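*Asks:*
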Amino acid sequence: MDSRGPEEEVLVGDLIKIVDITKTYQMGKTQVHALRGLSLTITESEYISIMGPSGSGKSTLLNVLGMLDVPTSGEYIFRGTNVAELSDNRLAEVRNREVGFVFQTFNLLPRATALGNVELPLIYAGVSRKDRKERAQAVLEQVGLADRMTHRPNELSGGQRQRVAIARALITKPGIILADEPTGNLDSKTGIEIMSLLDDLSELGHTVILVTHERSIAEHANRNVELLDGRISRDETNR
Amino acid sequence: MLGILVGVTTIILIVSLIAGLDGMVAKEFSRVGTRVLYISRSQWGKEYFWRAPQIGQKELDAVKRVYLTEYVVPYRQSRGGLMRNGVELQNMQIVGTTEDFHLVREIPIVMGRFFSRFEAEKATRITVIGWDIYDRLFPGGEDPLNQYVEIDGIPFRVIGVIEKQGNMMTNMSGMAADYNAYIPLPCANKMFGRWRGITIMASAPSEDLVYDLEQELRMALRAVRGLKPGEPDNFGINRQDFFLNEFRNATKYMWAALIGIAALSLLVGGIGVMNIMLISVTERTREIGVRKALGAKRRNIMLQFLLEALIVCWSGGLIGAIIGFFMSAIIAAVSPLVFVFSWPAVALGTAFTSGIGIFFGLYPAIKAARKSPVEALRYE
C-alpha cells in the first residue's frame, strides 16, 4: 500500500477512481461476495464497456458506479470526492447531477409525456419550471424527437422511448452516461440507431460507460473491461 | 374506501342540516325574547303542585304592582270550535287574554287590530283570529272585519287577523298563532270556568333585568300568598328558554350517535385509503427505483405519495360534499326544515379529510420512501 492516500494520486482528467472496492451482502444464511477488491480508473471522455457473465459482479459494479449503492469497503472517488462515504441524501444529489442512466427497459413514467419524463431529473434538482421546459425541449431536439415532445411513452416506438431515456440522461449534463444493455429490448435495426447515438455522444466528449453481455455492442467502445468473479479479468484499450 | 369517505362527508353535511334545524328552533323560541317570565301554577318540567291554588286576580294584582315589569299579560288556553256559514273548525285553541298580548308575543296584526284596554276589561264579545282560521272561515278573500263567527256557539265579532306564521315549529309549540282565536280574558272566564289555568306573562324592560324581575316576582307572590320563610313556593316562575333546553337535551343523544357513526366511518375510510396507497406503492416499486436513480431523495418520494393520499381523500370528500349538499337541499325543499349552508361544516370536513389523508397515508408514504433503489429497480 502506498503511504500516500489514493486522493493524492488523482490526476487531472481522472473522472472516476475506484480503489480496491468490495461489496458483500447477505442472502439468507450465506454471504455473497459480489466484488472482491476491484480497482478501476476512468478518465473524462472515455468510451468504456464492461462485460461479464452472470455472477461476475457486473450489475453490482454498475450499481456502485451509478451511486445507487455504496461499496462495503474501498473508495469511490468521483471528481475528487469520495462518494462511498456520502449520506443517502448527498448521494442522491450527486447522482442527480453526475449520472445519466439509460436502462434496458427504458423505465419511463407511463403517465407523463416525453417532455415530462425528460424534465424529471431537473425537478429533483430544483430547477424552475420555465428553465426545465426549455432545457428539456433542447435536449429532445438533440436526440431527434422535436416532434414527439407531447407524446406519452405508449405512443412511441421502442427506439423513440430509448431516445427519450437518453435525453433524460443528458439533461443534467452529467459526468457519466451509464447505459445498461441499452439495446436489449430493441430489434437489431433500432439497436444500431441507438448505438449510433451513443457513439455520437462519445464523440461530443461525454464519458460513456456501457454495460453489456453482447460482444458486438461492447466493441463500439474503445476500452473493454471484462469481469470475472468480482474482479477485473481483462482491461484493453484499442484504437 | 372512496365510497366510505363519500358517506362520511354526507354525514357531515347532514350534521349541518341539523345544526340549521337547531338554529331555527332556537330562533323561533327566542323570537319572543328571553325577557318574558311565565308565572303559572307549577314549575315546568317539575312535578305539578296538586294543592297549589290557581293563579287568580290577587296574584295578577300583585304582579302588576311589581315595579320592574314592562308588560303584565295574563292568558289562558282552552279548546273550542269555531263556526261560520256552516263551516266548522273543531278543536281550535281559544286564548283568553288582555290587550298587550300581541305586544309581548310580538305577533303582527295584518288586518284590523287587537283589543283595546276597555274591551279587554269588559267581557266584550270580540275576537282576533289566526290566519288559517280566517282563510277557512272567510274563503275567497272576504273581508272578515266586523263579521261574526261562533265560538262554541256564541257569536263573536272579528276585529283583527294575525299575520300568517306558517311555521311548523311554533305552531306545534302552541305559541303562534295560525289556529288560535284570541278573546278577552273575562269572556274566557265565563265560557271555560272562572280563573282556571291562568298563566301570567311578565316581561322585563331589558334582558339583564330578568333575573332581578324574577326575584321581585317571587317575593311579591310569596307575600300575597302568605308563605312563611322556609315554605317552598306553591307557584312557578318559568323562563322562555325552558323549551329550547328541553329540545337540546333530547337532541344531545342524537348528536352523540351521529358523531360516533361519523368517527367510525372515518376510521374505516382511512384504513381503506391506506390500503389503496399500500397497493399503489407496491405496484409502483419500479417507478420509485427510477425516481431515486434520477436523484429523488426520501423526502421527495414521501411527499409525492402523501400528496396522492391527500388527493384521494379530497376527491372523495368533494364528491361526498356535493352529494350531501344536494341531499340536504332536497330535504329542505320538501320539508319545513331550513337549509343552512354552513361554512364551518365545510371547513371541518376539509380539515378532517385532510387529517385522515395525512394520518393514513403516512405509513405507505414512508414505506415508499424507504425502498432501496437497487432492489426497486430489480422489481418486476
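Residue numbers (this note's numbering), protein chains in the order written: chain A, -8 to 230; chain B, 113 to 492. We put the beta carbon where it would ideally sit given N, CA and C, even for glycine. The structure displayed is predicted, hence computed values, not measured ones.
Out of ASP79(A), LEU131(A), ILE39(A), ARG126(A), state which residue places its alpha-carbon closest to the alpha-carbon of ILE208(A).
*Replies:* Per the Cα distances, ILE39(A).
*Asks:* To which residues does DSSP link ASN73(A) through a beta bridge?
*Replies:* For ASN73(A), which the question treats as bridged, DSSP gives the partners ILE68(A).
*Asks:* Sort out for me which residues DSSP pairs GLU343(B) with in a bridge.
*Replies:* None, per the DSSP bridge assignment.
*Asks:* Using a Cβ-Cβ cut-off of less than 9 Å, list which residues of the region 402 to 431 of chain B approach chain A; keep chain order.
*Replies:* The residues in question are VAL402, ARG403, LYS404, ALA405, LEU406, GLY407, ALA408, LYS409, ARG410, ARG411, ASN412.
*Asks:* How many whole angstroms separate the CB atoms of ILE33(A) and THR228(A), which I take to be in contact at a CB cut-off of 8 Å?
*Replies:* Not really, about 11 Å apart at Cβ, beyond 8 Å.
*Asks:* Would you kindly work out how many angstroms separate the C-alpha atoms of GLU210(A) and LEU415(B), rounded to a whole number?
*Replies:* Whole-angstrom Cα-Cα distance: 43 Å.
*Asks:* For ILE274(B), list the residues DSSP reports as bridge partners.
*Replies:* According to DSSP, which records beta bridges pairwise, ILE274(B) is partnered with ILE221(B).
*Asks:* Start and end of the beta strand (DSSP E) containing ALA293(B)?
*Replies:* Per DSSP, ALA293(B) belongs to the beta strand (DSSP E) from 292 to 296.
*Asks:* Quick check on ARG482(B) - is its C-beta less than 8 Å from some C-beta in chain A?
*Replies:* Not an interface residue.
*Asks:* Closest Cβ-Cβ distance between GLU399(B) and chain A: below 8 Å?
*Replies:* Judged by the 8 Å Cβ criterion, GLU399(B) is in contact with chain A.
*Asks:* DSSP state of LEU177(A), grouped into three classes?
*Replies:* It is coil, neither helix nor strand.
*Asks:* Please list the partners that GLY57(A) has in chain B, where partner means a Cβ-to-Cβ separation under 8 Å.
*Replies:* Neighbours of GLY57(A) on chain B, chain order: ALA405.
*Asks:* If you draw a straight line from the alpha carbon of ILE373(B) to that of ILE157(A), how long is it in whole angstroms?
*Replies:* Those two C-alpha atoms are separated by around 54 Å.
*Asks:* Looking at the C-beta of ASP122(A), does it have a partner C-beta in chain B at a distance below 8 Å?
*Replies:* It does not; no Cβ of chain B falls within 8 Å.
*Asks:* Taking the alpha carbon of GLU420(B) as the reference point, which residue from SER392(B), GLU231(B), MET439(B) has its own alpha carbon closest?
*Replies:* Of the listed residues, the one whose Cα sits closest to GLU420(B) is SER392(B).
*Asks:* Counting only Cβ-Cβ distances shorter than 7 Å, please list the residues of the region 467 to 491 of chain B near chain A, keeping chain order.
*Replies:* Correct list: PRO485, VAL486.
*Asks:* Taking C-beta pairs closer than 7 Å, name the residues in chain B that ASN54(A) reaches, listed in chain order.
*Replies:* Ordered by position in chain B, the residues that pass the 7 Å Cβ test against ASN54(A) are VAL486.
*Asks:* So, for TYR183(B): in the same chain, excluding its five sequence neighbours on each side, which residues have a beta-carbon less than 8 Å away from its beta-carbon?
*Replies:* Closer than 8 Å at Cβ, skipping near neighbours: ASP212, LEU215, VAL216, MET313, ALA314, SER315.
*Asks:* Just by C-beta distance, which residues in the region 90 to 115 of chain A are closer than 7 Å to chain B?
*Replies:* Under the 7 Å Cβ criterion, the region 90 to 115 of chain A contributes PHE92, ASN98, LEU100, LEU111, PRO112, TYR115.
*Asks:* Which residues, taken in chain order from the region 149 to 171 of chain A, show a beta carbon closer than 7 Å to some beta carbon of chain B?
*Replies:* So the list is empty, because no residue satisfies the distance condition.
*Asks:* Per the contact definition of three or more C-beta pairs closer than 8 Å, is the region 64 to 71 of chain A in contact with the region 99 to 111 of chain A?
*Replies:* No, the region 99 to 111 of chain A is not in contact with the region 64 to 71 of chain A.
*Asks:* Are the beta-carbon atoms of ALA463(B) and ARG410(B) separated by less than 8 Å?
*Replies:* No, these two residues do not count as a Cβ contact at 8 Å.
*Asks:* Excluding sequence positions up to five away, which residues of its chain have a Cβ less than 7 Å from the Cβ of ASP264(B)?
*Replies:* If we look at ASP264(B) and ignore the five residues flanking it on each side, its Cβ neighbours are GLY192, GLY193, MET303.
*Asks:* So what's VAL261(B) in DSSP terms, helix, strand or just coil?
*Replies:* Note: VAL261(B) maps to strand in three-state DSSP.
*Asks:* Looking at the C-beta of GLU35(A), does it have a partner C-beta in chain B at a distance below 8 Å?
*Replies:* No, GLU35(A) does not count as interfacial toward chain B.
*Asks:* In chain order, what are the residue ranges of uninterrupted alpha helix (DSSP H) at least 4 long that sit wholly in the region 369 to 441 of chain B?
*Replies:* Correct list: 397 to 405.
*Asks:* Could you check which residue in VAL385(B), LEU329(B), LYS483(B) has the C-alpha nearest to that of ILE413(B)?
*Replies:* Checked all of VAL385(B), LEU329(B), LYS483(B); the closest Cα to ILE413(B) is LYS483(B).
*Asks:* Our contact map puts ILE167(B) next to ILE310(B) with C-beta atoms below 8 Å; I'd like the distance itself, whole angstroms only.
*Replies:* Between ILE310(B) and ILE167(B) the Cβ distance is about 4 Å, and since that is below 8 Å, they are a contact.
*Asks:* Any idea what DSSP makes of GLU(-1)(A), helix, strand or coil?
*Replies:* Because the pLDDT of GLU(-1)(A) is 49, which lies under 50, any placement of that residue in the model is unreliable, and the number read from its coordinates should be weighed accordingly. DSSP places GLU(-1)(A) in helix when its eight states are reduced to three.
*Asks:* Using the Cβ count rule (16 or more neighbours within 10 Å means buried), how would you classify ASN361(B)?
*Replies:* Looking at its Cβ environment, which holds fewer than 16 other Cβ atoms inside 10 Å, ASN361(B) is exposed.
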